[in-house]
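These protein sequences, in sequence, are chains A and B.
Letter 98 of the first sequence, counting from 1, is numbered 98 in our numbering, and no numbers are missing.
Letter 80 of the second sequence, counting from 1, is numbered 199 in our numbering, and no numbers are missing.
Positions of the beta carbon are idealized from the N, C-alpha and C atoms, including for glycine.
There are 2 protein chains.
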Amino acid sequence: MTETKFRCGLEAVLAILGGKWKPLIVYHLASGSKRTGQLRRLVTNVSEKMLIQHLKELTDDGVIRRIDFQKVPPHVEYELTDFGRSLAQVLAPLCEWGTHHIDEVAMIVKKREHVAKAA
Amino acid sequence: MTETKFRCGLEAVLAILGGKWKPLIVYHLASGSKRTGQLRRLVTNVSEKMLIQHLKELTDDGVIRRIDFQKVPPHVEYELTDFGRSLAQVLAPLCEWGTHHIDEVAMIVKKREHVAKAA
DNA sequence: TCCAGTACTGACTATTTTGTAAGTATAAGA
DNA sequence: TCTTATACTTACAAAATAGTCAGTACTGGA
Numbered sequence: 001m002t003e004t005k006f007r008c009g010l011e012a013v014l015a016i017l018g019g020k021w022k023p024l025i026v027y028h029l030a031s032g033s034k035r036t037g038q039l040r041r042l043v044t045n046v047s048e049k050m051l052i053q054h055l056k057e058l059t060d061d062g063v064i065r066r067i068d069f070q071k072v073p074p075h076v077e078y079e080l081t082d083f084g085r086s087l088a089q090v091l092a093p094l095c096e097w098g099t100h101h102i103d104e105v106a107m108i109v110k111k112r113e114h115v116a117k118a119a
Numbered sequence: 120m121t122e123t124k125f126r127c128g129l130e131a132v133l134a135i136l137g138g139k140w141k142p143l144i145v146y147h148l149a150s151g152s153k154r155t156g157q158l159r160r161l162v163t164n165v166s167e168k169m170l171i172q173h174l175k176e177l178t179d180d181g182v183i184r185r186i187d188f189q190k191v192p193p194h195v196e197y198e199l200t201d202f203g204r205s206l207a208q209v210l211a212p213l214c215e216w217g218t219h220h221i222d223e224v225a226m227i228v229k230k231r232e233h234v235a236k237a238a
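Here it is in C-alpha cells:
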C-alpha cells in the first residue's frame with residue numbers, strides 16, 4: 001500500500017519540487033517563458049539530460065507548459081502554468097532568505113569542505 | 120575549483136536544506152525542541168540512520184542545536200538555533216501552499232504511479 | 001559539402017543518497 | 001534474569017540521481 005496522504009503541507013511541496021534542479025527551474029521561469037537552451041545556461045551546472053528530464057516531469061505534473069513552435073530546427077519554450085506560478089510565489093521568500101544569508105551559507109559550505117578534507 | 124558562489128538565493132537555501140528529510144526536521148522543530156525518538160515518529164518514514172545523519176549535518180551547519188542531558192539511558196533533545204528559526208519562518212509559506220493544494224498534489228502523485236504502472 | 005545549432009533520446013556508467021539489519025552501553029521494571 | 005528502552009554506530013545493499021557520450025532530423029551559413 002502506497003500512502004499518498006501527507007502529514008503536513010511541506011510533504012506535498014516536496015512531492016512536487018523534489019529533484020535537485022526543479023526549484024531552480026520554476027524560479028527562473030517565474031520571470032517569463034524560456035527556451036530550453038536558455039534554461040540550460042541559467043540553471044548552473046545542469047546537464048542537458050537532467051534539465052530535460054526535470055522539464056518533462058514538471059510538465060507532467062502540470063507545473064509548467066511546453067510550447068512547441070513546430071519548427072525545424074526545433075524551437076520549444078517552457079512557461080509556468082497558473083499552478084506553477086502559485087508555487088513560484090511561495091518560493092520567493094526562500095530566495096530572499098538565501099540572498100540575505102548568502103555569506104553565512106557560503107561559510108557553512110566552506111567549513112563542510114574543510115571537515116571533509118580532514119577525513 | 121569548487122565554486123561556492125550562488126547565482127540566486129534559492130541555491131543557498133538548497134545548499135542547507137538539500138536532503139530528503141531536512142526541511143521536515145526543521146519544520147517539526149519549529150514547534151519546540153524534540154527528542155530523537157519523537158522526531159522519528161513525526162517525520163514519516165525516516166529510517167533512524169537517516170534521521171541521525173541529517174540531524175548531525177544540520178547541527179554542524181548551525182541550523183539546530185543538540186542538547187545532551189548526560190543521562191543513562193541517553194536523553195538528547197534538538198532545537199532550532201536563531202539561524203534555524205529564520206529558516207523555519209521562510210518554510211512556512213511553503214507549508215501553507217502545500218496544505219492549500221494538498222488534494223491537487225495527491226492527484227498528481229496518483230497519476231504518476233498510474234503512468235509508471237503502464238510502463 | 002561540411003560544420004554548427006536546435007531539442008531530444010537512449011545506452012551505459014558513476015556517484016550520491018537512502019535503507020536494512022545488526023550491534024553498543026546502560027538502567028529501570030517485571 | 002529477561003525484556004525494553006534510549007541514542008547512536010557500523011557494515012553492507014539497494015535505489016535514486018546524475019553524468020558522459022553517441023545519435024536523430026533538419027536547416028542555415030561558410
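Which of helix, strand or coil DSSP assigns to residue i
| i | result |
| --- | --- |
| valine 76 (chain A) | strand |
| arginine 204 (chain B) | helix |
| cysteine 127 (chain B) | coil |
| threonine 2 (chain A) | Note that threonine 2 (chain A) scores 38 on pLDDT, short of 50, meaning its location in the model is unreliable; the coordinates nonetheless yield the value given after this. Threonine 2 (chain A): coil per DSSP, three-state reduction. |
| aspartate 61 (chain A) | coil |
| glycine 138 (chain B) | coil |
| threonine 247 (chain B) | Within the shown structure, residues of chain B are numbered from 120 to 238, placing residue 247 (chain B) beyond reach of any answer. |
| histidine 233 (chain B) | helix |
Buried versus exposed call for residue i [16 or more other C-beta atoms within 10 Å across all chains shown]
| i | result |
| --- | --- |
| histidine 28 (chain A) | buried |
| glutamate 48 (chain A) | exposed |
| glutamate 11 (chain A) | buried |
| proline 142 (chain B) | buried |
| isoleucine 67 (chain A) | exposed |
| glutamate 5 (chain A) | One detail in the question is off: residue 5 (chain A) reads as lysine in this sequence, not glutamate. Exposed. |
| glycine 32 (chain A) | exposed |
| glycine 18 (chain A) | exposed |
| lysine 153 (chain B) | buried |
Bridge partners - residue i, DSSP secondary structure assignment
| i | result |
| --- | --- |
| arginine 35 (chain A) | A:Glu77 |
| arginine 66 (chain A) | A:Tyr78 |
Beta-carbon separation (whole angstroms), residue i vs residue j, contact threshold 8 Å
| i | j | result |
| --- | --- | --- |
| isoleucine 183 (chain B) | glutamate 198 (chain B) | 6 Å |
| valine 76 (chain A) | phenylalanine 83 (chain A) | About 20 Å; that fails the 8 Å criterion. |
Meets three-Cβ-pair contact criterion under 8 Å: the region 210 to 217 of chain B and the region 89 to 98 of chain A: yes
For the region 169 to 178 of chain B against the region 49 to 62 of chain A, are there 3 or more C-beta pairs whose distance is under 8 Å? Too few Cβ pairs lie closer than 8 Å, so no.
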